[in-house]
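Residue numbers (the UniProt record's numbering): 1 to 169. One structure below.
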């Protein structure tokens, strides 16, 4: 268990965690190795470790119960923190920031408490496919220093239903 998570749990009175925390797919599609994302920040795990999803559908949902931290002004990415202190970052595609919000719609707000599977953003897949370098959507753990084990899933996933990875803190 990471030092920061341990301090956070002690201060808040949270019980010691046993077992893993399941992270659900924020978008439907096919799981792809994070190293295959055509952006060095994700491929080299600079932001954190995780997976990417080649997306389908029209919604990006909360991968865990938690609090929305930051939703980027361009509505292409957001962060979320679980009650256990897990910090996740979901970033739709590569080159999406240059679209200045076109192709995305915000459905939740910063600071909002959300449940896993609750829609956070909607997207226009056809528009995005025609206007960005890559649709691969990284889902990364931003606080890897607090993670003791990360088990990644493979295959096709449905947003808000299927586990993409399990984390132990």
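Idealized CB from N, CA, C, for every residue including glycine.
- Exclusion of the five residues before and after residue 105 leaves 122 as the residues of its chain whose Cβ lies within less than 6 Å of its Cβ.
- Residue 31 places its beta carbon less than 8 Å from that of residue 51.
- Looking at 127, 90, 79, the one whose alpha-carbon comes closest to that of residue 139 is 90.
- When the alpha-carbon of residue 83 is set against those of 115, 46, 35, the nearest one is in 115.
- Spanning the alpha carbons of residue 118 and residue 62 requires a straight line of approximately 5 Å.
- Across the structure, residue 87 and residue 21 are spaced so that their CA atoms are roughly 12 Å apart.
- Here residue 41 has 47 as same chain residues with Cβ atoms under 8 Å from its own Cβ, once five neighbours each way along the sequence are excluded.
- Contact between residue 136 and residue 97 fails: their C-beta atoms lie close to 14 Å from each other, not under 8 Å.
- Approximately 19 Å separates the beta-carbon atoms of residue 49 and residue 29; this is outside 8 Å, ruling out the contact.
- Ranked by Cα distance from residue 59, the first of 81, 27, 79 is 27.
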